[in-house]
Structures are given as structure tokens and as C-alpha cells.
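Down below is the structure, laid out as C-alpha cells.
In our numbering, the protein residues as written are 14 to 149.
Set out below in C-alpha cells:
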């Protein structure tokens with residue numbers, strides 16, 4: 014049986030890496046005489062680059078099969094969880110400042126693994142339903 018996989022949408026790392034390049038260009042052409050501005054632009058570009066590279070090397074954030082799930086752990090590591098280790102699969106929905114956000118939660122009792130729709134490339138409630146189907 015092939016595993017179901019949920020991954021970061023390909024456009025996301027492209028936007029992050031493009032933003033980093035834009036910040037470097039901004040720093041070179043606009044802030045080159047402003048040390049603080051240059052430092053902040055380069056720091057932000059470095060952050061976006063590291064974040065974008067993670068999205069490329071750890072694009073699949075969650076996969077599931079009959080034996081359990083594999084989640085991203087740390088920067089780009091992987092952790093295998095058996096279905097027996099997962100105590101709860103839930104979707105946390107919050108509304109803040111008129112914006113609604115949903116987060117998929119996989120609770121093992123020792124740790125909670127959180128995934129947004131940007132991590133999954135799908136709505137968390139749809140992924141939770143699919144996980145429950147696979148778990149059965």
C-alpha cells in the first residue's frame with residue numbers, strides 16, 4: 014500500500030527564495046549606504062533563504078500508511094509514529110482579527126505535532142478525515 018503524502022505547495026519556497034533575492038537587491042541598490050538597513054535586509058534575506066531551503070529539502074511534511082505516520086521533526090528530520098502512539102488527531106480552529114486559521118494536531122501524549130494548511134498543501138480538516146480513514 015502506498016502512503017498518502019501531504020507537502021508544502023511548490024509556490025511557497027519559490028516565494029520565500031524570491032523574497033530573499035529581492036531583499037538582497039534592495040540592500041545592494043537602496044540600503045548600501047545605510048549600515049543598519051543593509052544589515053536588516055541581509056538578515057531577513059538569510060532567514061527567508063533558510064526557511065525556503067527547508068521547504069525544498071523537507072517538502073513532504075506528513076505521510077501516512079497502514080502502520081502509522083511519518084512527520085517532519087526539527088529542521089528537516091523525520092520521525093515515524095505508529096498509530097498506537099497517536100492518542101488524538103484533531104483540528105484546532107481559531108479566529109483572530111477576523112482571520113480564521115486551522116491547525117492539524119497529532120498528539121502522542123509526549124509531543125504534539127502541528128501542521129498548517131501551508132505545511133500540508135490541503136485543508137487540515139480534510140487531512141484529519143483522511144488520517145482517520147487510514148487509521149481504521
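Where is the CB? At the ideal position from N, CA and C, for every residue including glycine.
Presumed contact (8 Å Cβ cut-off) between residue i and residue j, rounded CB distance
i	j	result
residue 121	residue 141	The pair is not a contact, with the Cβ atoms about 15 Å apart (cut-off 8 Å).
Cβ shell of residue i (< 7 Å), same chain only, five flanking positions each side left out
i	result
residue 106	113, 115
residue 85	71, 74, 91
Member of the options whose CA lies at the smallest distance from the CA of residue i
i	options	result
residue 28	16, 68, 20, 143	68
residue 102	93, 110, 117	117
residue 34	48, 16, 18, 57	57
residue 96	43, 147, 41, 111	147
residue 126	143, 42, 59, 87	87
Other residues of its chain near residue i: CB distance less than 6 Å, five sequence neighbours each side excluded
i	result
residue 39	54
residue 72	20, 21
residue 82	94
residue 144	77, 102
Burial state of residue i (16 or more Cβ within 10 Å)
i	result
residue 46	exposed
residue 131	exposed
residue 61	buried
residue 65	buried
residue 77	buried
residue 24	exposed
residue 31	exposed
residue 134	buried
residue 49	exposed
Cβ-based neighbour list, residue i, same chain, cut-off 8 Å, excluding 5 preceding and 5 following
i	result
residue 104	115, 116, 117, 118, 137, 138, 141
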